[in-house]
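Heads up: the sequence lines are chains A and B, in that order.
Under the numbering used here, residues 351 to 696 are what the first sequence spells out, in order.
Under the numbering used here, residues 17 to 502 are what the second sequence spells out, in order.
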Amino acid sequence: MRPESEAELAALIRQAERPLSITGGATRHHPGEGHGARLDMTGLQGVTLFEPAALTLVVRAGTSLASVEKMLADEGQMLGFEPACHPGSTIGGVFATNSSGPRRIQLGAARDALLGVRLVDGNGEIISNGGRVMKNVTGYDLVKLMAGSRGRLGALTELSLRTAPVPPASCTLALPALDAIGAIAALTTALGSPLDVSGAGWLPGSGALLRIEGLSGSVQTRTAELTRLLSGFCEVHVLDSDPWQQLRNGPQEGEGDLWRIVCRPSEAPALLAALPAPEMMDWGGGLILLRLPAGELPELPKFWGHARRISGAAPAILPAPDPVTSRLEAGLRQRFDPRGIFAGAE
Amino acid sequence: MIQMPEPDTAVLANRAGIIAALRQVAPDAVIDDPAETRVYECDALSAYRCAPLAVVLPRSTEEVSAVLGTCHRLGVPVVPRGAGTSLAGGSMPTADAVVIGLARMNRVLEIAPEDRLVRVQTGRTNLSVTTAVEGQGFFFAPDPSSQLACAIGGNIAMNSGGAHCLKYGVTTNNLLGVRLVLMDGTIVDLGGPSGEGPSLDLLGVICGAEGQLGIVTEATLRILPKPAGARPVLVAFDSSETAGACVAAIIRSGVLPVAIEFMDGPCIAATEAHSGAGYPDCEALLIIEVEGSDPEIDEQLGLIRAVAQSFDPIEFRESQSEDESRRIWLGRKSAFGAMGQLGDYICLDGTIPVSSLPAVLAEIGVLSKRYGLAVANVFHAGDGNMHPLILYDANTPGELDKAEALGADILRLCVRAGGCLTGEHGVGIEKRDLMREQYSSADLEAQMRVKDVFDPGWLLNAAKVFPLDLSAERKRLARLGAHHAS
């Protein structure tokens, strides 16, 4: 099934009798997802509107992420939130999974850049919410509800989003002597300064990584100031290579299950102490990615946030979802998809 | 005239019993003296007033839960209230409703600069959140003009913005988590670090739902390091079109100012008469502010100056001191007060794509002439959030109706131009009837489904947001037991 229009998609869903998996490039599936009959969204392609002077792009969900990024780059613009980009990834998949990279700490996540959506729900109804403008409090914000909903409430067909200008200059600092736990304090110091840091992560070998972007004179001054600020931790190097691609795309293939932890940076050290060395950290220590042996569950101290298995055989999330939240979510799914057509999403 | 639903006669008849039940669960928090409940009869949309059945001012989440549970059990409608600063009638009650006010819940619960967050009770005022963290070098970015008075709870309900949201986003972009009490008294925590909860973004749908999905009693907010400094420039033009084109060019150049404000001729004149800020005599002006250290400010302003000069402005005024910065902002900040000196006015906040600014401003001029009512324009040009101020005389019979009709036409114009009915103030009661201009039946149905899940009985602030015929039908069905929570 590969509809080429919203109307065709709506008809397909109305007629569906078995669970479907809404799929773009299938590059972001979590364990347990993607098992229904494939509903290929890549037939919904193309740009509806692009106004660089208004930082506005309206694009169909099946359009490849790579082509969107190229089009924006040609106009000196970008997706500020740096989604992971893999071969085949679609722009719809970016927002369906709220894929957000290092610059989330400065410019917000994918969901913060999404201004409007069109979608088809499990009834085959075409629904629109939000619009083309950033300031929009007209009725409920279903744009946020749809962002990150992973194909469980509806099939996104068209997205209105806010672009960002590509900063003219950029500089990356590395503190290679810091291990993951030691890096947290350095990242926190940087993010607590008025230097407008746009990336704060950690990679094994590279150590703590900080990015400064903007006008060239400003980048020079701020980089010097940040170096001074961090010099008490260890040596600070200017990095010639770009580690941010690796941070935005996430860990490569490897042994065991990949786990993704979202936490407060101040709680990261206690979590890290209970876990094997991470593959990477981002968002100032608010995002930790690590591997565990297949099927193993981590034993974690109490913390605000969650840990989720994102590769491997079986889905798992800790702590277990609270019953009230589960009830509310089940209620929403029941209303947006009463026949369970999107049950193939998990 | 904006209609309100008829009060539930059974609830009115049971007033004494309801108040007694409320006093059981919230002993010294219930106000039922009509002389005192009148205070809660309206918010900043003061043309519409209705005293509630009673008012409760709880002190804790548990008390809010007990009060809501009682109201749910007795079938009593509830209207939550922050500071009552809504310009859209968001906290206006009906005669059968209990107002639950957050004013006593204003504590700071946790300040965590290392995580760049602060946790507060939602009755706390917006500005006092910044006050609580500025000693440590932080601030809370969303800054509506009413920030001295408005409550965080109201900011969350309306997804409030402010002049500085061009760079920092609005409330929903700065909200990490909430403690929510549902209409049946259930308490639930939503959100998470970085604003990311474990599953669906329920936090995102709560923000901007105008107090219709639950009462938020606690909020975890993102705080940001205070920039080293900020400096505004004032640029005067001989036409609104040129000013609008300049805005687009600045955005295109890649600089991201922290604010871009626009004022037109009528507004400038009124403001000068009122505050004497020393604004130039011109058709339109922009106030553009940038942040950073002094050399960074200089660099950004250099770029902005080059862009602005290409539009041949009447004047390009840079601030050379704190005092000059204050004076540049003075007129803009007192604009609403200045307009109020000229007469009564309706303030709208329709939003349009930035590229449509010149055309929409021209069309507003045409509408203003057609209705014979003056309209002044002041707004957040960087994000297209307009504030047309429609002047009228409340003492002249029929003028309010005329002003509202003109307002509705302006908002229809905004929707036609690719924008929306409201960028900051919310729908409340004021724009309910225009919702069909922007949304189809299926679109409205999808939104109402969400309320069906959170408040199946349609008791919580139900007369707001949706056209009355739709919410009335929902309530009717709820009473017949046709809707169930899953």
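Note that beta-carbon positions come from the ideal geometry of N, C-alpha and C, so glycine has one too.
Keep in mind that this is a model prediction, so the values were computed, not measured.
Where the beta strand (DSSP E) containing residue i begins and where it ends
i: Y361/B; result: 360-363
i: A657/A; result: 655-659
i: L407/A; result: 406-410
i: I203/B; result: 203-207
i: N30/B; result: It is not in any beta strand (DSSP E) - N30/B carries neither H nor E in the DSSP assignment.
i: R97/B; result: 94-97
i: D280/B; result: 275-280
7 Å Cβ shell around residue i - same chain, five flanking residues per side excluded
i: E358/A; result: none
i: A15/B; result: The structure shown does not extend to residue 15/B, since chain B spans only 17 to 502, so no value can be given for it.
i: A419/B; result: I362, L389, I406, Y408
i: S269/B; result: L319, V323
Reduced DSSP category for residue i - H, G, I as helix; E, B as strand; rest coil
i: P311/B; result: helix
i: T25/B; result: helix
i: A501/B; result: For A501/B, the pLDDT reaches just 44, beneath the cut-off of 50, and the residue's location in the model is therefore unreliable, although a value from the coordinates is still provided. It is coil, neither helix nor strand.
i: W594/A; result: helix
i: D131/B; result: coil
i: F395/B; result: strand
i: P374/B; result: helix
i: C58/B; result: coil
i: N142/B; result: helix
i: S632/A; result: The sequence shown places Asp at residue 632/A, rather than the Ser named in the question. Reduced to three states, the DSSP call for D632/A is strand.
i: N122/B; result: coil
i: G245/B; result: coil
i: A618/A; result: helix
i: V443/B; result: coil
i: F508/B; result: In this structure chain B extends from 17 to 502, so residue 508/B is not present and cannot be described.
i: I611/A; result: strand
i: E401/A; result: strand
i: S548/A; result: strand
Test item: CB-CB of residue i and residue j under 8 Å
i: T287/B; j: S384/B; result: no
i: L492/A; j: V221/B; result: yes
i: A275/B; j: L182/B; result: yes
i: V481/B; j: E226/B; result: yes
i: L302/B; j: F327/B; result: no
i: L541/A; j: R512/A; result: no
i: L625/A; j: P601/A; result: no
i: V41/B; j: G91/B; result: no
i: D159/B; j: T101/B; result: no
i: G474/A; j: R364/A; result: yes
i: V569/A; j: S520/A; result: yes
i: R641/A; j: L608/A; result: yes
i: P433/A; j: S449/A; result: yes
i: E299/B; j: D365/B; result: no
Contact set for residue i: own chain, Cβ-Cβ below 6 Å, skip 5 residues either direction
i: G386/A; result: P369, L370, S371, G694
i: S502/B; result: Only weak support exists for where S502/B lies, its pLDDT of 39 falling under 50; the value from the coordinates is given anyway. The answer is none, since no qualifying residue turns up.
i: H500/B; result: With a pLDDT of 48 at H500/B, under the threshold of 50, the modelled position of this residue cannot be trusted; read the value that follows with caution. Around H500/B: no qualifying Cβ.
i: D205/B; result: R195
i: A620/A; result: P651
i: T413/A; result: Q395, I441
i: L229/B; result: I222, F470
i: I313/B; result: R247, V306
i: V394/B; result: M279, C283, A351, H403
Close-in-space but distant-in-sequence residues of the same chain around residue i (CB under 8 Å, 5 per side omitted)
i: G400/B; result: T367, I368, P369, V370, S372, L373, G435, G439
i: S62/B; result: none
i: L237/B; result: L133, V134, R135, V136, V145, F156, I168, N190, L191, L192
i: P402/A; result: E425, G426, Q427, T513
Span of the alpha helix (DSSP H) around residue i
i: M496/A; result: 492-496
i: R268/B; result: 256-268
i: Y184/B; result: 181-184
i: W345/B; result: 338-349
i: C430/B; result: 415-432
i: T188/B; result: Run containing T188/B: none; DSSP gives neither H nor E here.
Per DSSP, the bridge partner or partners of residue i
i: L73/B; result: Beta-bridge pairing links L73/B to no other residue.
i: L465/A; result: Paired residues: none, contrary to the question.
i: S520/A; result: E563/A
i: L513/B; result: Examination of residue 513/B is not possible in this model, given that chain B is present from 17 through 502 alone.
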